[in-house]
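Have a look at the structure below before the remarks.
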Amino acid sequence: MAVLRIKMTLLPTMIAGLLFFSGCAGSVSNQSGSAGSVTDGKAPASDEYTGGPVELLVQDRNSGMTPEEFENYFAKPVKAKYPDITLKLTQEKDFQKLVAGGTPPDLVAVSNTLLTDYFDLDYPEDLTAMIKRFNINLDLIEPSIVDALKGLGRGTIYGLPFGMNYGATIYNKDLFDKFGVPYPKDIVTWDEYLELSKKLTRMEGGVQYIGGSPSSVPNLLKQYGASSANATDEKIILTSDKHRVIYSLEQSFLEITGMIQGKTYQQTNINNGKIAMLPNWIASWTGTVAKSKPAYNWDVIAHPVFKERPNIGNPVDFHMLTVGKASKNKEAAYRVLLTMLSPGAQEELTKNSRITPLKDPKLKAMFAQNSKVYEGKNLQSIFKVAPAPLPDYSKWSALITTYSNAVAEDMALNKKDMNTAMREQEEKAMKALNEAKAAKK
6 MAVLRIKMTL LPTMIAGLLF FSGCAGSVSN QSGSAGSVTD GKAPASDEYT
56 GGPVELLVQD RNSGMTPEEF ENYFAKPVKA KYPDITLKLT QEKDFQKLVA
106 GGTPPDLVAV SNTLLTDYFD LDYPEDLTAM IKRFNINLDL IEPSIVDALK
156 GLGRGTIYGL PFGMNYGATI YNKDLFDKFG VPYPKDIVTW DEYLELSKKL
206 TRMEGGVQYI GGSPSSVPNL LKQYGASSAN ATDEKIILTS DKHRVIYSLE
256 QSFLEITGMI QGKTYQQTNI NNGKIAMLPN WIASWTGTVA KSKPAYNWDV
306 IAHPVFKERP NIGNPVDFHM LTVGKASKNK EAAYRVLLTM LSPGAQEELT
356 KNSRITPLKD PKLKAMFAQN SKVYEGKNLQ SIFKVAPAPL PDYSKWSALI
406 TTYSNAVAED MALNKKDMNT AMREQEEKAM KALNEAKAAK K
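Plus 5 on top of the position in the sequence shown (first one is 1) and you've got my numbering.
This is the structure:
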């Protein structure tokens, strides 16, 4: 029997949509609220599984999945639908170690940020035929997710999403009240966020309060559509005009008196009650609150936007299931993907942990419903902006992130001027890229 392993990158997760597969008689609400079948009225492929008893190993690579979540919202729904299919979770991160041990995963749960690692391993199955066979309607999925899947696969889809993360801004209402600053509206631009941060960053009673830091540099670059690699993936770019916009914004925050504390220039510990605002991933915040309720009055609004891109928030970030091309249990693995996109599984996952990758606003409204984390909160404001599409799909994204972050660190801690920091880190990044490419030969 084969083993299946799943992985997801988002922390306390969220899902709230329905993706139907052929063989399911259900329907999902589209953005206008009307019902639409995932099969678009086509004759669905049979959903019957006849492969016999099998155990599938699912590798959790970076999805933030807990054993409890896996058992309740993955293994149990699959077993209920297909009694012969058993899922087993492994949280071993080393794929090669699993292969060497004779237990290659049938499935991997992985985020869009690490899918390219599995291309290097020649692991994922091309799902084009499977999508056609089961008449899966990709139009029901968030467009930014579909675009990212196609971009990562150079036109081919190698995974299907089961959940996504979403940008949001958490704010401490008590600090706004303390300093007499009106609460932010549902959507603020980065310029407006900067001005609020200036008003709320102050020393009072011997306590340093921080209005708010920007998002991480890599996320800001993606949100603004700044590509850090050229089309051929042979050059790293950190000095474009778009990069200058982002690093100029970063510099504006660094210039606020009190923003830099020792070697910390990205203030993120909002739970200490001294930070007024924090752009964050909603999944991370959900898990934080579920474990320990903040001691202050808080609420949420949408992730800040650029005035040039008023409806675009944090970059798209999602989790998918991929099938091993060498797996001897592909039929069973396909059924797992279909189950996780079914109405029942999506609704339960959404209510308890993850945001749906589907466009259905009614499903998104169910997010974290059972935990009551957002009871009385302005949760629906976060969906007023769409996830930003990824500007590039470089296999060297992890390497690039190291050096794009280093530009900000040079500006903050080494007091280098912006242009010098950008140029020097771009040169270092290219040197590291050439060394990494040479090492692979």
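Beta carbons: idealized from backbone N, C-alpha and C, even for Gly.
Only a predicted model underlies this, so the values are computations on that prediction, with no experimental measurement involved.
| Asked | Found |
| --- | --- |
| Where does residue 425 land, buried or exposed, given buried means 16+ other C-beta within 10 angstroms? | exposed |
| With distances taken from CA atoms, which of 355, 349, 237 is nearest residue 366? | 355 |
| Could you check where the beta strand (DSSP E) with residue 287 kicks off and where it finishes? | Unbroken run through residue 287 is the alpha helix (DSSP H), 287-296; no beta strand (DSSP E). |
| Can you name the residues that DSSP bridges to residue 234? | 241 |
| Hey, could you find the ends of the alpha helix (DSSP H) residue 100 is sitting in? | 100-105 |
| Less than 8 Å between the CB atoms is what I'm expecting for residue 176 and residue 306, so what's the real figure, rounded? | 7 Å |
| In its own chain, which residues sit with a C-beta less than 7 Å from the C-beta of residue 37, not counting the 5 before and 5 after it? | Confidence at residue 37 is low in this model, with a pLDDT of 32, below 50, so its placement is unreliable and no value can be given for it. |
| Can you find the residues in the same chain that come closer than 7 Å, C-beta to C-beta, to residue 375, ignoring five residues on each side of it along the sequence? | 356, 357 |
| Spatial neighbours of residue 220 within its chain, please: C-beta separation below 6 Å, excluding the five flanking residues on both sides. | 284 |
| Can you find the residues in the same chain that come closer than 7 Å, C-beta to C-beta, to residue 379, ignoring five residues on each side of it along the sequence? | 373 |
| Quick one: does the C-beta of residue 199 sit closer than 7 Å to a heavy atom of the ligand FMN? | Within the structure as shown, the ligand FMN is missing, as the structure has no ligands at all. |
| So, is residue 164 buried or exposed, given that buried needs 16 or more other C-beta atoms within 10 angstroms? | buried |
| Would you check if the distance between the CB atom of residue 258 and the CB atom of residue 150 is smaller than 8 Å? | no |
| Excluding the 5 residues preceding and the 5 following residue 303 in the sequence, name in chain order all residues of the same chain whose CB lies nearer than 7 Å to its CB. | 175, 176, 177, 178 |
| If I'm right that residue 130 touches residue 335 with Cβ under 8 Å, what's the distance once you round it to whole angstroms? | 7 Å |
| Check the DSSP bridge columns for residue 3 and list the partner residues they point to. | Nothing about residue 3 can be reported from this structure: the residues present for the chain run from 6 to 446 only. |
| Are residue 340 and residue 168 closer than 8 Å when you measure CB to CB? | no |
| How should residue 397 be labelled, buried or exposed, when 16 other C-beta atoms within 10 angstroms of its C-beta is the threshold for buried? | buried |
| Taking Cβ to Cβ, would you say residue 86 is nearer than 8 Å to residue 361? | no |
| Between the alpha carbons of residue 137 and residue 57, how many angstroms are there, rounded? | 24 Å |
| Between the Cα of residue 316 and the Cα atoms of 212, 292, 172, 440, which residue gives the shortest distance? | 172 |
| Quick one: give me the first and last residue of the alpha helix (DSSP H) that residue 214 is part of. | Where residue 214 is concerned, there is no enclosing alpha helix (DSSP H), although the beta strand (DSSP E) it sits in stretches over 212-214. |
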